[in-house]
Amino acid sequence: MNLQNILSEIEKVDADVYERIDHVSRRHVFHNFLKKAAAGIAPVAFGAVLNKAYGQGMATVVDVLNFALTLEYLEAEFYNRALSSSLVMGNEGQMTFQQIALHENAHVALLRSALGGAAISKPNFDFTAKGSFPDVFSNYRTFLAVSQALEDTGVRAYKGQAGRLIPFPDVLKTALQIHSVEALHAAKVRYLNGNKGWITGNTGFPGAVYAGEDNTSQGGASVNGLGGIGFGPASEAYDEPLSKEAVLAIATPFLA
475 MNLQNILSEI EKVDADVYER IDHVSRRHVF HNFLKKAAAG IAPVAFGAVL
525 NKAYGQGMAT VVDVLNFALT LEYLEAEFYN RALSSSLVMG NEGQMTFQQI
575 ALHENAHVAL LRSALGGAAI SKPNFDFTAK GSFPDVFSNY RTFLAVSQAL
625 EDTGVRAYKG QAGRLIPFPD VLKTALQIHS VEALHAAKVR YLNGNKGWIT
675 GNTGFPGAVY AGEDNTSQGG ASVNGLGGIG FGPASEAYDE PLSKEAVLAI
725 ATPFLA
């Protein structure tokens with residue numbers, strides 16, 4: 475799978491296109507994107523890449539991938555439980571989350587295969603987050619809110635760890651392939667939740683998921699005000715990374 479090909483396809487579908495087509499076409503485009511994005515990552519091939527990286531920096535690679543595996547366990551189990559519950563999602567929601575669940579389970583399988591005996595075991599989860607979301611699998615609005623929080627966190631989490639994988643370009647490439655699919659998930663879930671497909675500023679629930687997203691400085695230069703660009707678009711144009719510590723603080727309430 476060529477990451478550039480994925481990005482090229484995404485660029486062909488902008489907000490104007492979504493306004494011009496009906497929800498069936500929109501759903502078809504989304505599923506086609508995600509099927510293509512998930513199709514090319516083979517666990518055996520990635521395992522071979524990982525074995526080469528072991529000799530250069532095993533501890534770093536294993537730490538990053540086990541961190542990613544924890545998040546993928548969380549997301550996969552979340553969607554598995556939702557789909558096996560009595561939660562009413564509607565046709566579009568059902569199709570979307572069935573596809574997302576397939577992707578998350580594929581990510582888990584890939585990471586577990588690559589890590590082999592170094593892979594952490596799946597934790598036990600409490601998707602009410604210690605009682606904060608008691609109706610998460612019976613109220614679709616609550617489910618969408620938690621799904622959006624998990625997907626937005628996942629995108630920022632992968633970005634936060636990318637720098638650690640720069641010395642291992644083959645591993646980084648695969649991590650970015652997963653990251654791009656997570657970004658597609660996030661955009662679709664946000665759409666289902668009645669939001670824009672991208673984050674504006676640092677407003678959102680829970681607040682910790684969106685901390686720092688009001689940043690409008692990139693590469694040492696402030697984007698806000700350049701060429702008439704206001705704060706909203708300036709903050710929307712760039713996703714901000716989350717540190718491992720920040721991500722774990724968000725995820726911990728979901729651990730049983």
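Converting from the sequence shown to the working numbering requires adding 474 to each position, the first position being numbered 1.
Ideal placement from N, C-alpha and C gives every residue a C-beta, glycine not left out.
Q) For F679, is the classification buried or exposed, using 16 other Cβ atoms within 10 angstroms of its Cβ as the cut-off for buried? A) Exposed, because fewer than 16 other Cβ atoms sit within 10 Å of the Cβ of F679.
Q. Taking the runs of the alpha helix (DSSP H) that are 4 residues or longer, which of them lie wholly in the region 552–595?
A. Unbroken alpha helix (DSSP H) runs of no fewer than 4 residues, entirely contained in the region 552–595, are found at 564–589, following chain order.
(Q) From the DSSP secondary-structure annotation, give me the bridge partner or partners of L545. (A) Answer is none; L545 lacks a bridge partner.
(Q) Assuming contact is defined by CB atoms lying nearer than 8 angstroms, are V536 and A583 in contact in what I supplied? (A) no
Q) Near P597, which residues of its chain fall below 6 angstroms by C-beta distance, leaving aside the five closest residues on each side in sequence? A) If we look at P597 and ignore the five residues flanking it on each side, its Cβ neighbours are L729.
Q: Determine the extent of the alpha helix (DSSP H) in which T616 is found, giving its start and end residues.
A: Y614 to A636
Q. Do three or more CB pairs link the region 624–632 to the region 642–656 at distances below 8 angstroms?
A. yes
Q: Output the boundary residues of the alpha helix (DSSP H) element that contains P643.
A: For P643, the enclosing alpha helix (DSSP H) covers residues P643 to L666.
Q: Specify the secondary structure class of S696 as computed by DSSP and reduced to three states.
A: strand
**Q.** Helix, strand or coil at N479 according to DSSP, with G and I counted as helix
**A.** Confidence at N479 is low in this model, with a pLDDT of 42, below 50, so the placement of that residue should be treated as unreliable; the coordinate-derived value is given next. DSSP places N479 in helix when its eight states are reduced to three.
Q: Give every residue of the same chain whose Cβ lies closer than 8 angstroms to the Cβ of L543, excluding the five residues on either side of it in the sequence, and list them in chain order.
A: V582, L585, R586, L589, A593 and I594
Q: Take the Cβ of Q622 as the centre, count every other Cβ of all protein chains shown within 10 Å, and call the residue buried at 16 or more, exposed below.
A: buried
**Q.** Counterpart residues of S691 in DSSP-defined beta bridges
**A.** S696
Q) Taking the C-alpha atoms as reference points, what is the distance between G531 and L539? A) Roughly 12 angstroms separates the two Cα atoms.
Q. Any idea what DSSP makes of L722, helix, strand or coil?
A. helix
(Q) Please return the same chain residues whose Cβ sits closer than 8 angstroms to the Cβ of A550, not counting the five positions on each side in sequence. (A) Taken in chain order, the residues that qualify are A575, E578, N579, H581 and V582.
Q. Which of helix, strand or coil does DSSP assign to F599?
A. strand
Q.
Classify L700: buried if its beta carbon has 16 or more other beta carbons within 10 angstroms, exposed otherwise.
A. exposed
Q: Look up L639 in the DSSP assignment and give the residues it is bridged to.
A: The partner list for L639 (beta bridge, DSSP) is empty, contrary to what the question assumes.
Q. In terms of residues, what are the limits of the alpha helix (DSSP H) holding F705?
A. F705 to E710
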